[in-house]
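Down below is the structure, laid out as structure tokens.
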Amino acid sequence: MDTTPNTKIWTDLDLDAEGKQIGYFRLPLAVHDRSGDDVGYSFEAIPVVTIRNGEGPGVLLMAGSHGNEYEGQIILMKLIRELRAEDVRGRIIILPGANAPAVRADRRNSPLDDGNLNRKFPGDPDGDPTSMIAHLIESELLTRVDYAFDLHSGSLSIEYLPCAVVARPSDPDRMGDALDLLRAFGMPTGMIIEHSTGGNRALIGACRRQNVQHLSTELGGGGGVSRAAIDIAEHGVMRLLHHVGVTRRPLTERPPLDCRLLKRVPSWDYIYAETSERGLFEPFVGLGDRVEAGQTTGLIHFTTAPWREPQPVIAKSGGVILCRRIPARTGLGDCVFVLGKDWTS
Ligand SMILES: [Zn+2]
Numbered sequence: 003m004d005t006t007p008n009t010k011i012w013t014d015l016d017l018d019a020e021g022k023q024i025g026y027f028r029l030p031l032a033v034h035d036r037s038g039d040d041v042g043y044s045f046e047a048i049p050v051v052t053i054r055n056g057e058g059p060g061v062l063l064m065a066g067s068h069g070n071e072y073e074g075q076i077i078l079m080k081l082i083r084e085l086r087a088e089d090v091r092g093r094i095i096i097l098p099g100a101n102a103p104a105v106r107a108d109r110r111n112s113p114l115d116d117g118n119l120n121r122k123f124p125g126d127p128d129g130d131p132t133s134m135i136a137h138l139i140e141s142e143l144l145t146r147v148d149y150a151f152d153l154h155s156g157s158l159s160i161e162y163l164p165c166a167v168v169a170r171p172s173d174p175d176r177m178g179d180a181l182d183l184l185r186a187f188g189m190p191t192g193m194i195i196e197h198s199t200g201g202n203r204a205l206i207g208a209c210r211r212q213n214v215q216h217l218s219t220e221l222g223g224g225g226g227v228s229r230a231a232i233d234i235a236e237h238g239v240m241r242l243l244h245h246v247g248v249t250r251r252p253l254t255e256r257p258p259l260d261c262r263l264l265k266r267v268p269s270w271d272y273i274y275a276e277t278s279e280r281g282l283f284e285p286f287v288g289l290g291d292r293v294e295a296g297q298t299t300g301l302i303h304f305t306t307a308p309w310r311e312p313q314p315v316i317a318k319s320g321g322v323i324l325c326r327r328i329p330a331r332t333g334l335g336d337c338v339f340v341l342g343k344d345w346t347s
């Protein structure tokens, strides 16, 4: 792709060429970034790999939309080294560090403009750096593919029960296809989103606009790397690629795990600390555990008055623990657990 009127991001790769190509998208930076740092004339290098072999479906594989979520980045770097053109039917585009400035800075958002890539779609070719990347993804990449698989993990302060996520398609006839993706991915937990948090500004919204089928993941979190999540998800990605027909042979022999389907409860039914004073949260339950309404899910201990009775944190509704708060120090309004409920069509 040469610089086209559509985007100021350039690359030496021909995105439509046959074979395996490795290189960069080059995101031009202004003389000053928004933080006031003098960056001169330079570019930010966004690694990209394209593999094309004849006719077939197109898949975009993405990680590093948030720079400090690591499992997906590692899985895609491994896949980049392993996949050969002869394995592919159609095309695969891999962006292992989509918001490259955030990946470089080891942060959720871009250090250039504090941009959250997953809230910037459809992007803007003349906007801030994160909007330019969003625009590139929606206008140049999603237009070339049928599927987008976007690998996320929890944030620094949140750990997820490893799960794959699909949104309910607007066309009810496509719900079966979305469930088939979850089952092919084969994580023990599949989450169905009725309404995406980021709406039209998230990649899910971009995929809807471009008629691309979307699946994402939440793998671990807390700023670390979960060996168990990588182990399940890397085989899941390989199964997905074969399921949609973009690989000529299965890349893994490992069968999918049975997938329990959940949906998130509304945010007012998450479990929050209701305490006037901050303290240390001692959890009584963990990821994947089932809790009942009224159950004590943990205690807040008050370090400034160690003799004071700790305050129980009670579940308002029942469900499965999908997500937990990482920092121990907890105060009024902090969500300690996010719950899921069994999904029924
Ligand atoms: Zn993320």
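Here the working numbering = 1-based position in the sequence shown + 2.
Where is the CB? At the ideal position from N, CA and C, for every residue including glycine.
Remember, predicted model here, so these are calculated numbers, not experimental data.
Spatial distance of residue i from residue j (CA atoms)
i, j, result
"L334", "V287", "20 Å"
"G320", "P174", "28 Å"
"A393", "H216", "In the structure as shown, the chain starts at 3 and stops at 347, and residue 393 therefore has no counterpart that could be examined."
"G117", "V105", "12 Å"
"V246", "Q23", "22 Å"
"L242", "P308", "52 Å"
"V61", "Y149", "5 Å"
"S157", "N120", "13 Å"
"F123", "V214", "14 Å"
"G129", "L31", "11 Å"
"A235", "G188", "8 Å"
"N70", "L138", "21 Å"
"G21", "L85", "11 Å"
"P49", "A100", "8 Å"
"G25", "V167", "29 Å"
"G56", "R146", "14 Å"
"V51", "E255", "25 Å"
"L289", "G92", "38 Å"
"V338", "L78", "31 Å"
"A204", "F283", "32 Å"
"R251", "Y43", "45 Å"
"G238", "I94", "16 Å"
Of the residues the options, the one placed nearest residue i, counting alpha carbons only
i, options, result
"E196", "T9, V338, R266 and E220", "R266"
"C209", "P98, L143 and I194", "L143"
"P103", "E84, T145 and S133", "S133"
"G342", "G42, I11 and A295", "A295"
"L15", "F27, T9 and N8", "F27"
"C261", "R203, D271, A330 and W345", "W345"
"G300", "E311, T332, R310 and V315", "V315"
"G201", "G92, E140 and A169", "A169"
"C325", "Y162, A87, D108 and A19", "Y162"
"Y272", "I302, I328 and I323", "I323"
"E276", "I232, I302, R109 and G125", "I302"
"D108", "R327, S218, E279 and Q75", "Q75"
Cross-strand partners of residue i (DSSP beta bridge)
i, result
"Y72", "Paired residue(s): none; Y72 is not in a bridge."
"I194", "V168"
"M64", "L97 and D152"
"T219", "L153 and A166"
"T52", "Q23 and I95"
"K343", "K265"
"L259", "Paired residues: none, contrary to the question."
"Y274", "C337"
"L184", "According to DSSP, L184 bridges with nothing at all."
Unbroken beta strand (DSSP E) runs of length 3 or more, entirely within the region 282-340: which are they?
-> Qualifying beta strand (DSSP E) stretches, in chain order: 298-303, 313-316 and 321-327.
Under 5 Å from any heavy atom of ligand 1, by CB: list those residues in chain order, please.
-> H68, E71 and H154
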